[in-house]
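Colleague: Dropping a structure here in structure tokens format, bear with me for questions.
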Amino acid sequence: MTHDLVIRNGTVATATDTFAADIGIRDGRIVTLADRIEGASDEIDASGKLVLPGGIEAHCHIEQESGMGLLAADDYRTGSISAAFGGNSCFVPFAAQHRGMAIKETVELYDSRAAPKSVIDYSYHLIVTDPTELALMKELPEAFARGITSFKVFMTYALSKIDDRQFLDILSVAKAHGALTMVHAENNEMINWMSERLLAAGHEAPRYHAPSHPALAEEEAINRAISLAKLVDAPLFIVHVSTPGGAELVRAARARGAKVWGETCPQYLFLTRDDLDRPGSEGAKYICSPPLRDAATQEALWHQVRTGALSLVSSDHAPYRFDETGKFNAGPDASFKQIANGMPGIEMRLPLLFSEGVVKGRIGLNQFVALSATNAAKIYGMHPAKGTIAIGSDADIAIWDPEQTWVAGEMHDAMDYNPFGGRPITGRPVTVLSRGRRVVDDGELIAQPGDGQFIARKPVDLTGLKGHQADELNPATNFGARVAP
Ligand code: DUC
Ligand code: ZN
Ligand code: ZN
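Here the working numbering is used: the first residue of the sequence shown is 153, the next is one more, and so on.
Here is the structure:
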């Protein structure tokens, strides 16, 4: 069999196995795994390297306006390049509907942003803030039909939040079509109440962002979101879980058979609220929501990751520069409530997870692969085309030098700071392929903007979903009331 490219002499790892093999690639897909593959027009020597599925970054904000209308610093060119240097061969940013905007218009806008610029494959999660009848009945099903199979909602932020009734509507539509609902789960009124009291007492500095978003606000909202999903028996994904209590709720729901998954993010594993207390206005760099917590929370979240309660570690790359175009768009003296929420991390996610997770023995290599690629591919409907190394899968591959030591500095994103800067790291992705094309080769960018393709995703896998639909929705027990999906 002829191959376009062979990766030789590497140690291959998937979410389950680690083995020595050559990988033969033809027409962008893996067609041969063998001890030794003879002859190829092109080859990469991976001696001493790890050959892993390319990372899938499933939570990032690229060329997206926040609920407040603030545009992220990275567009699809810089965002995808930074993702690739961080070991990713595919990403799934958000396509954000703002109130008054049609879903169709939203998707077309993001197509126009992504298609000409992305160097890696991409899809979108739709953010839904205006679930009109048209959106629920026609536009969300249409988006789903073209392969956008996850819809995100917010339980907080005045301009983005939906109420519980709207949440139920979206969950039911998603369930009917096989889409997955994602949620930013924090109790809006607990946050507003705390913020108002803090500000009234003159506490405006970045450090007060942490107490303004209590852990209980997250736990209450996760519990409510899971309850709403259970009422209609719909699958649910909790984004950026920052509390052990929240992770326990996810674990417990799944243990009872519900399709409820969650992720945490590098900022909750590697930073603490002490970072909000940095001198001057530096603390603004560390404002994100949910907020950074404490060292005990970090350890507890590692436990939740290691023991499988949380299925992904995603970056939540939300890049706002440390200037008036980003963090301080409300002015140089902005209070913690006005400073833009979010920090970059798309290029740091996997090196941090490898260095602090695999090298330090907190997780094994196969779990690293699961957390960085395979679980995202499965949860978001891209497996087995993406997220693994198998015959027939896309040749989305990251070749890692597991021993390279380096210090985190400037990244390839459009940012002017790296919240993880100065950290010593062991292990680095050196070559990244997307469908067999070199995106990054030996630390050099090869791909061109526009080389990435939109990936139409499959419905969420509901196999084994244990029925949680409430009795009250059962026509046999609901006294004849008609409860439409
Ligand atoms: N939620 C996110 O998912 N990202 C940035 C800010 C936020 O609140
Ligand atoms: Zn969020
Ligand atoms: Zn986010």
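Glycine included, every Cβ here is placed at the ideal spot set by N, Cα and C.
What's the C-alpha gap between residue 603 and residue 431?
Modeller: So the two alpha carbons sit approximately 43 Å from each other.
Colleague: For residue 497, report the span of its beta strand (DSSP E) as first-last.
Modeller: Here residue 497 belongs to no beta strand (DSSP E), and DSSP marks it neither H nor E.
Colleague: Which stretch, first to last residue, makes up the beta strand (DSSP E) that contains residue 373?
Modeller: Where residue 373 is concerned, there is no enclosing beta strand (DSSP E), although the alpha helix (DSSP H) it sits in stretches over 367-384.
Colleague: Let me have the residue list for ligand 4: C-beta closer than 7 Å to any non-hydrogen atom, ordered along the chain.
Modeller: Ligand 4 is absent from the structure shown, which contains only ligand 1, ligand 2 and ligand 3.
Colleague: Taking residue 329 as part of the alpha helix (DSSP H), name the residues at either end of that continuous run.
Modeller: From DSSP, the alpha helix (DSSP H) with residue 329 extends over 316-329.
Colleague: Run through the DSSP bridge pairs and tell me what residue 181 is partnered with.
Modeller: Answer by DSSP bridge pairing, in chain order: 178, 546.
Colleague: Would you grab the beta carbon distance between residue 639 and residue 415 for me? Rounded to a whole angstrom, and I think it's under 8 Å.
Modeller: There is no way to answer for residue 639, as the model of the chain reaches only from 153 to 637.
Colleague: For residue 304 and residue 277, I'd like the C-alpha separation in whole angstroms.
Modeller: Each residue's Cα considered, the two are about 7 Å apart.
Colleague: Hey, out of 341, 361, 354, whose CA is closest to residue 490's CA?
Modeller: With distances taken between Cα atoms, residue 490 lies closest to 361.
Colleague: Confirm the yes/no value for this check: CB of residue 440, any heavy atom of ligand 1, distance under 7 Å.
Modeller: Under cutoff, so the answer is yes.
Colleague: State the beta-bridge partners of residue 274 as determined by DSSP.
Modeller: For residue 274, which the question treats as bridged, DSSP gives the partners 243, 606.
Colleague: Quick check on the DSSP output: the beta strand (DSSP E) that includes residue 160 runs from which residue to which?
Modeller: Counting along the chain, the beta strand (DSSP E) containing residue 160 begins and ends at 157-165.
Colleague: Please classify residue 153 as buried or exposed, where buried requires at least 16 neighbouring CB atoms within 10 angstroms.
Modeller: It is exposed - the Cβ of residue 153 has fewer than 16 other Cβ atoms within 10 Å.
Colleague: Does any heavy atom of ligand 2 sit closer than 7 Å to the C-beta of residue 361?
Modeller: False, no ligand heavy atom lies under 7 Å from that Cβ.
Colleague: Given this structure, state the Cα-to-Cα distance separating residue 449 from residue 420, to the nearest angstrom.
Modeller: Going from the Cα of residue 449 to the Cα of residue 420 covers about 8 Å.
Colleague: Going by DSSP, what residue range makes up the beta strand (DSSP E) through residue 577?
Modeller: First-last of the beta strand (DSSP E) with residue 577: 576-586.
Colleague: Residue 524: which of 549, 327, 591, 544 sits nearest, CA to CA?
Modeller: Checked all of 549, 327, 591, 544; the closest Cα to residue 524 is 549.
Colleague: Just to confirm, does residue 455 get its C-beta within under 7 Å of one of the non-hydrogen atoms of ligand 1?
Modeller: No, since every heavy atom of ligand 1 falls outside the 7 Å radius drawn around the Cβ of residue 455.
Colleague: To the nearest angstrom, how far is the alpha carbon of residue 632 from that of residue 625?
Modeller: For residue 632, the predicted structure reports a pLDDT of 47, less than 50, and the residue's modelled location is therefore unreliable. A value from the coordinates is still provided. The alpha-carbon atoms of residue 632 and residue 625 are separated by roughly 10 Å.
Colleague: In angstroms with no decimal places, state the Cα-to-Cα distance between residue 637 and residue 262.
Modeller: In this prediction, residue 637 scores a pLDDT of 45, lower than 50, which makes its location untrustworthy; the coordinate-derived value is nonetheless stated afterwards. Roughly 29 Å between the two C-alpha positions.
Colleague: Provide the residue(s) that pair with residue 307 in DSSP beta bridges, ordered along the chain.
Modeller: DSSP lists no partner for residue 307.
Colleague: Is residue 336 a contact residue of ligand 2, with contact defined as CB to any heavy atom under 7 Å?
Modeller: Yes, since a heavy atom of ligand 2 falls inside the 7 Å radius drawn around the Cβ of residue 336.
Colleague: Since residue 505 sits in a beta bridge, which residues does DSSP pair it with?
Modeller: According to DSSP, which records beta bridges pairwise, residue 505 is partnered with nothing at all.
Colleague: How is residue 195 classed by DSSP in three states: helix, strand or coil?
Modeller: DSSP places residue 195 in strand when its eight states are reduced to three.
Colleague: Who are the Cβ neighbours of residue 316 in its own chain at under 8 Å, not counting the five residues just before and after it?
Modeller: Only 376, 380 meet the Cβ criterion.
Colleague: Would DSSP call residue 633 helix, strand or coil?
Modeller: Low confidence applies to residue 633: its pLDDT is 47, below 50, so where it sits in the model is not reliable, and the reading given next is rough at best. Coil.
Colleague: Examine the Cβ distances between the stretch 211-225 and the stretch 576-588 and report whether three or more of them are shorter than 8 Å.
Modeller: No, because fewer than three Cβ pairs between the stretch 211-225 and the stretch 576-588 fall closer than 8 Å, the two stretches do not touch.
Colleague: To the nearest angstrom, how far is the alpha carbon of residue 354 from that of residue 344?
Modeller: Each residue's alpha carbon lies about 15 Å from the other.
Colleague: Can you grab the Cα-Cα spacing for the pair residue 538 / residue 605, in whole Å?
Modeller: Cα to Cα, residue 538 sits roughly 13 Å from residue 605.
Colleague: Measuring CA to CA, which of 249, 266, 505 is closest to residue 258?
Modeller: Checked all of 249, 266, 505; the closest Cα to residue 258 is 249.
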